[in-house]
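Residue numbers (the working numbering), protein chains in the order written: chain A, 64 to 422; chain B, 14 to 263. One structure below.
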Amino acid sequence: MRRDRATVAMMLGIPVIQLLVFGFAIRMDVRHLPMAVYDESRTQESRDLIQKLAATDNFVVARQAASYPEAIRLIDTGAVRAAIVIPVDYARRLKRGRSSMAQLLVDASDPNTSQNAIAAAQLVGQRKNIEILAALSGTPLRTETPPVDIRVRPLYNPALKSSIFIVPGIIGMILSITMMIITSMSVVREREQGTLEQLIVTPITRGEIMIGKIAPYVLVGYVQLTAVLTLGHFIFDVPIRGSLLVVYAVTFLFITANLGLGLFISTLAKTQAQSMQGSYFFFLPNVLLSGFMFPREGMPHVAREIGLLFPLTYYLQILRGVILKGENFLDVLPQTLMLLLLALVFFGFSVQRFQKRLG
Amino acid sequence: MPESSPEAEPVVLVRSIVRRFGRITAVDDVSFEIRPGEIFGILGPNGSGKTTTIRILCGLLQPTSGTASVAGIDVVRDPDAVKSRIGYMSQAFGLYRDLSIQENLRFYAGVYGLEGTWRERVDWAIRAMHVTAAPTQLAGTLSGGIKQRLALACALLHRPPVVFLDEPTAGVDPAARRLFWRIIRGLADEGTTMIVTTHYMDEAEKFDRLAFLSQGRLKAVGTPAEVKSSFGTGQSLEDIFVTLQEREGA
């Protein structure tokens, strides 16, 4: 084992990474959800409600919306994850001892995150009620319902089904695994078995060898994407609200970036076992920090920054945005450009390394 | 004895090649010539520079200095062009174990760009190389001897004038070795130049000429008899080999 440095590094490296990531980066309870405010009431009472919501730490007032459609639009584009809508008669009704309604719109595409937010908002409502009722004690109530009624409207995933949120994530996950593990293994296997040695003394060029090694996996990736989308749609009722064309086009960038990672691993590993370990090493932070399982909003700054280096982070945002929220190409353009950049960097770098290692 | 006349143009020309890896000199000023149709042996203990020399001739490695040409192509200046003119059979079985005999041959026919003629070439290779197994049998399940002849068949599909065989008989039983050498001799008689490395000194007698390498230097080159006499009388090639190796170890 002293001679097998790679294994030792893996055995020490993986637990350390896991410990650090789980310990510091992963919070199941999401705080500081960006929230838009559409306050038609513009009164002492409405500002008080907004302030109480912000005081829970679950929400941060990020934007002001000038209309209801704008509030929805801000959530659609991912600018905010929630919006509080306070109607014009909010304060007036309260003063008359009538029940006042406010609406909280929540991006529920991630049920974990939204459930916390919903619970927090409802708690604010209840506290407010107790406060008001205490102040009014003695005065008869003219209504059966509590004074402040925060109605929650979960968008995109009204039943808060986790399967709907998980399916797009699974696509990203499966593609990552296939492209990274299978590609690196298949190249390393050829080196291990000597078939690569036999190939490089033939007239086919290094570029041709490489294309031959990776082209089939692009096809495999598209078959996987189609299979998961189809099953997800028909078995788990995952809605496909946006353009499939965008999904398929962006997937090419994601596949390319991951093939680059796979090739890179193949240039480091000498044996198939090492390439397995290597893939796992890359894979783990990918799963944990990309937002696949744990909401990125809940992570500390550093962890979130690290997550920005993974193609999966952007790909998940695009998939969830387009599939669940019906975002169009322009909405996901920033993520697409980042994905393009990562694909070019990873793939370009790995191709160069791969070509050098062949000789 | 060589079939070709001594005045025939050499098919392989090596002139003072040197290859250094960092501070180690793997090949140190080696020169020799090989004529068409020769079975030419490259002998030497491990680490003597055999593999480095062959890799340079196959265009896989650039020499630090010196020139070399194979089948009329300057391998230093145009290393990629030589690849369609040579066949190469590696020590490790380099074919796809999960493909059948026929699929491997078909694949290599494609790799060498045999479009229209691949079918007849594959049939020829199976017959001439005595690949005596069902064409649909998976290569990974073949015996050592048939594996070796299948690898040779793949290396010969495109009729290369020069073929490199790296330790071809390692791990093959005596009967299969004898058949293999008969095939090699037949190919040489038809004009194909065979360049072979080996550890087996009893096989050295089968070479028309051979080069003896030790620590990257060329110790002797010529017919087996010439090489023997250059080291002094009475010693067999095996004795010379062991002596060289012991001297290095000391």
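Think of the CB as a built atom: it goes at the ideal place given N, C-alpha and C, for glycine as much as any other residue.
- In the DSSP assignment, A:P97 falls within the unbroken beta strand (DSSP E) covering L96 to D102.
- When secondary structure is reduced to three states using DSSP, B:Y101 falls in the strand class.
- Rounded to the nearest whole angstrom, the C-alpha separation of A:T70 and A:L112 is 56 Å.
- Distances from the CA of B:F220 to each of B:S227, B:T210, B:G229 and B:S44 were compared; the closest alpha carbon is that of B:T210.
- Contact of B:A141 with chain A is not assigned, every C-beta pair being separated by 7 Å or more.
- Sequence-distant partners of A:A129 (beyond 5 residues in either direction) whose C-beta falls short of 8 Å from its own C-beta, in its chain, are Y101.
- Listed in chain order, the non-local C-beta contacts of A:V124 below 7 Å within the same chain comprise M98, V100, I113 and A117, local neighbours out to five positions each way being set aside.
- Counted as a single uninterrupted DSSP element, the beta strand (DSSP E) harbouring A:D212 occupies residues V211 to L218.
- Residue ranges of uninterrupted alpha helix (DSSP H) with 4 or more members, entirely inside the stretch 120-192 of chain A and ordered along the chain, are 131-139 and 153-158.
- Taking every protein chain shown into account, the CB of A:P174 has 16 or more other CB atoms within 10 angstroms, so this residue is buried.
- With a contact defined as Cβ atoms closer than 8 Å, B:L108 and A:T258 qualify at about 7 Å.
- Taking 7 Å as the cut-off, the Cβ atoms of B:A138 and B:R110 do not count as close.
- A:S353 sits in coil when the DSSP states are folded into three classes, being neither helix nor strand.
- The beta carbons of B:T206 and B:P49 sit about 6 Å from each other, so the pair counts as a contact at 8 Å.
- Per the coordinates, the alpha-carbon of A:L331 lies some 20 Å from the alpha-carbon of A:L262.
- Measuring C-alpha to C-alpha distances from A:Q189 to each of A:T176, A:S172 and A:A165 identifies A:A165 as the nearest.
- In the displayed model, A:K333 falls within coil according to three-state DSSP, outside both helix and strand.
- Beyond the five residues adjoining it in sequence on each side, B:D179 comes within less than 6 Å, by CB distance, of S103, Q104 and T210 in the same chain, given in chain order.
- For B:M207, the enclosing beta strand (DSSP E) covers residues T206 to T211.
- In the assembly as shown, B:Y101 is a buried residue. Its beta-carbon has 16 or more other beta-carbons within 10 Å.
- The beta carbon of B:S243 is closer than 6 Å to those of A233 in its chain, skipping five residues each way along the sequence.
- Residue environment for B:N59: exposed (fewer than 16 other C-beta atoms within 10 angstroms of its C-beta).
- Only V264, T265, P266, I267 and T268 from the stretch 264-286 of chain A bring a Cβ to less than 8 Å from some Cβ of chain B.
- In the displayed model, A:G341 falls within a helix according to three-state DSSP.
- At the C-beta level, A:E390 and A:G305 come within 7 Å of one another.
- For A:T258, the chain B residues whose Cβ falls inside 7 Å of its Cβ are G107, L108 and Y109, in order along the chain.
- Annotation: the stretch 178-228 of chain B contains the following complete segments of the alpha helix (DSSP H) (minimum length 4 residues), in chain order: 187-202.
- A:F299 sits exposed, since fewer than 16 C-beta atoms from the chains shown fall within 10 Å of its C-beta.
- At a Cβ-Cβ threshold of 7 Å, A:V169 and A:S104 do not count as neighbours.
- Around the beta carbon of A:L282, fewer than 16 other beta carbons lie within 10 angstroms, which makes this residue exposed.
- Taking C-beta separations shorter than 6 Å and ignoring five residues to either side along the sequence, the partners of A:K191 in its chain run V211, following chain order.
- Contact between the stretch 138-148 of chain A and the stretch 378-397 of chain A is present: three or more C-beta pairs spanning the two stretches fall below 8 Å.
- Near chain A, meaning a CB-to-CB distance below 8 Å, the residues of the stretch 121-136 of chain B are Y121, V124, Y125 and G126.
- If you check the CB distance, B:L226 and B:G62 come in under 7 Å.
- Excluding the 5 residues flanking it on each side, A:G284 has same chain C-beta neighbours closer than 6 Å at L238 and I318, in chain order.
- Within the stretch 84-98 of chain B, the residues whose Cβ lies closer than 8 Å to any Cβ of chain A are, in chain order, D93, K96 and S97.
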